[in-house]
Structure formats: C-alpha cells, structure tokens
Amino acid sequence: MFAAVCVLLAALGHVLMSGTAVPSWALAVAVAVAVAVTGGAAWCLAGRERGLLVVSSVVVAAQTALHVWLSYVQELSRPPVRPMPPMPMHAMAAGEGTSSMDHSRQPGYAHVADQRR
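Shown next as structure tokens:
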C-alpha cells in the first residue's frame, strides 16, 4: 500500500510541475511494478536490519526509475509540436519595426538619449 501511495504522490508532483497529465494506464503499470518490486525487495532484504546506505540506495534507485518512467509516458502523451512559421526579416533590415526597442524616452533612460546626441 505504501508503494502505491508513493507512486501516486510522484505522479501528482510530475503533473503539477510539468502541466502534462500522466495517462491512467501508465499509473496502473507503475503501481503494479512498484508493489511487485517493493514486495520482492522486501522479501530479499528481510531477515536482518539493513543500514542507512542500503535502504537509501534502494529508495533512490526506485525513485529514479519512477521519475524516468513518468517523464517518458508524459512525453508519449504530449501532442507533437508544430514548428513556427519563418518570420520575415526584411522589415528589420530596413530599420522598420524597431521603434518599440527605443527606450530613450522613458524615465530612467535619459543617459541612452544623451549618448546618441
């Protein structure tokens, strides 16, 4: 049960930070694998108390695998990005359209206007 809660919290973190949903089939796979792997690891590591290094290593490896899996399925579920159309550059070469870049008339930019004179 703990593994399932950890997977759901990790998925929630991915959704909140990326703004892209995690597909439900991927959550089901992650929960199933986490429960199976956690159960298997607990069976293998049972018998005596483990140190901080072993426990931390297993947790970091599990979280890394979960992060890679959730990032991968989010990329699969994201729609393809269309490239932007090329922008005309002839107007910039002629000096047109650059008036919005002139800040010399704004307060605090008087030194820019002085340098031009």
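Heads up, the sequence shown is in the numbering used here, so the first residue is 10 and it goes up one at a time.
Even glycine gets a Cβ: it sits at the ideal position worked out from N, Cα and C.
Q: Compare the beta carbon distance of L61 and H23 with 8 Å and say whether it is the shorter of the two.
A: Counting from 1 along the sequence shown, the entry for residue 61 is found at position 52. Counting from 1 along the sequence shown, the entry for residue 23 is found at position 14. Contact: no.
Q.
Taking contact to mean 3 or more Cβ pairs, one atom from each stretch, closer than 8 Å, check whether the stretch 49–64 and the stretch 74–92 are in contact.
A. Touching, no.
Q | Ranges of the alpha helix (DSSP H) found wholly within the stretch 48–96, counting only runs of at least 4 | A | Qualifying alpha helix (DSSP H) stretches, in chain order: 61–86.
Q: Please determine, among L75, Y81, P92 and M93, the residue with the shortest C-alpha to C-alpha distance to V14.
A: Taking the first residue of the sequence shown as 1, we reach residue 14 at position 5. When the alpha-carbon of V14 is set against those of L75, Y81, P92 and M93, the nearest one is in L75.
Q) Taking the C-alpha atoms as reference points, what is the distance between M10 and V44? A) Sequence index remark: in the sequence shown, residue 10 carries index 1 (1-based). Sequence index remark: in the sequence shown, residue 44 carries index 35 (1-based). For M10 and V44, the gap between their C-alpha atoms comes out near 7 Å.
Q. Given a threshold of 16 other Cβ atoms within 10 Å of its Cβ, counted over all protein chains shown, does V69 qualify as buried or as exposed?
A. Here the question's residue 69 lines up with position 60 in the sequence shown. Exposed, because fewer than 16 other Cβ atoms sit within 10 Å of the Cβ of V69.
Q) Hey, quick one: how far does the alpha helix (DSSP H) through A13 stretch, first residue to last? A) Stepping through the sequence shown from its first residue, residue 13 is reached at position 4. DSSP places A13 in the uninterrupted alpha helix (DSSP H) bounded by F11 to S27.
**Q.** Residue closest to V82, alpha-carbon to alpha-carbon, out of M26, L36, V16 and A12
**A.** Within the sequence shown, residue 82 is the residue found at index 73, counting from 1. Check the Cα spacing between V82 and each of M26, L36, V16 and A12: the tightest is with L36.
Q. Is the Cβ-Cβ distance between V16 and A39 less than 8 Å?
A. Start at 1 with the first residue of the sequence shown, and residue 16 comes out as number 7. Start at 1 with the first residue of the sequence shown, and residue 39 comes out as number 30. Result yes, Cβ atoms of V16 and A39 sit closer than 8 Å.
**Q.** For V31, three-class secondary structure by DSSP
**A.** Taking the sequence shown and counting its residues from 1, one reaches residue 31 at position 22. Of the three classes helix, strand and coil, the one that applies to V31 here is coil, per DSSP.
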